[in-house]
Amino acid sequence: MKELMKSACSECGGQVKRKAISQEFEKEGVKVKLSGFKAWVCTQCGEIYFEPGGAAHVAHAVNCLFALAFAERQHKGTVSAHLG
Ligand SMILES: [Zn+2]
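Okay, structure coming up:
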């Protein structure tokens, strides 16, 4: 996950478009899923970018989900949050 600096993808130079995406994150065998959040996605290579500061918000939300997952010992399941 990177922050968007320009209007083009820094990996391949492709066009990036803002859309709602879903991402799964895994830590120590526990999975959490965040869906419906807005990010910029490269139409060519699929690299995901956030607006400045956006990545920190997502990281915070993901850390909260992990805290919940570990607290509830939901190691077998997936904790998910949906935005929007
Ligand atoms: Zn790209």
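Everything in the sequence shown is counted per this note's numbering, starting at 10 for the first residue and increasing by one.
Just so it is clear, CB atoms sit at the ideal spot from N, CA and C, and this is done for glycine as well.
This one's a predicted model, so the numbers in the text were calculated from it and none came from an experiment.
Run the CB neighbour count on residue i, radius 10 Å, all protein chains shown included, and call it buried at 16 or more, exposed below.
i: Ala-68; result: exposed
i: Cys-18; result: buried
i: Cys-51; result: buried
i: Ala-48; result: buried
Checking contacts by CB at 8 Å: is residue i closer than that to chain D?
i: Gly-55; result: This model lacks chain D altogether; it includes just one protein chain.
Give every residue of the same chain whose Cβ lies closer than 7 Å to the Cβ of residue i, excluding the five residues on either side of it in the sequence, and list them in chain order.
i: Ala-78; result: Val-39, Val-41 and Val-88
i: Ile-30; result: Phe-46, Ala-48, Val-50 and Ile-57
Taking C-alpha atoms, which residue in the options lies nearest to residue i?
i: Phe-75; options: Glu-37, Thr-52, Ala-65 and Val-50; result: Glu-37
i: Tyr-58; options: Gly-93, Lys-26 and Leu-92; result: Lys-26
i: Lys-85; options: Glu-35, Lys-28 and Ile-30; result: Glu-35
i: Cys-73; options: Gly-62, Ala-90, Glu-60 and Pro-61; result: Ala-90
For ligand 2, is there any heavy atom lying closer than 7 Å to the beta carbon of residue i?
i: Gln-32; result: What this structure holds is ligand 1, not ligand 2.
Can you list, in chain order, the residues of its chain with a C-beta nearer than 6 Å to that of residue i? Leave out the 5 residues immediately preceding and following it.
i: Gln-53; result: Cys-21 and Gly-23
Neighbouring residues (CB closer than 5 Å to any heavy atom of ligand 1): Cys-18, Glu-20, Cys-21, Gly-23, Cys-51, Gln-53, Cys-54 and Glu-56
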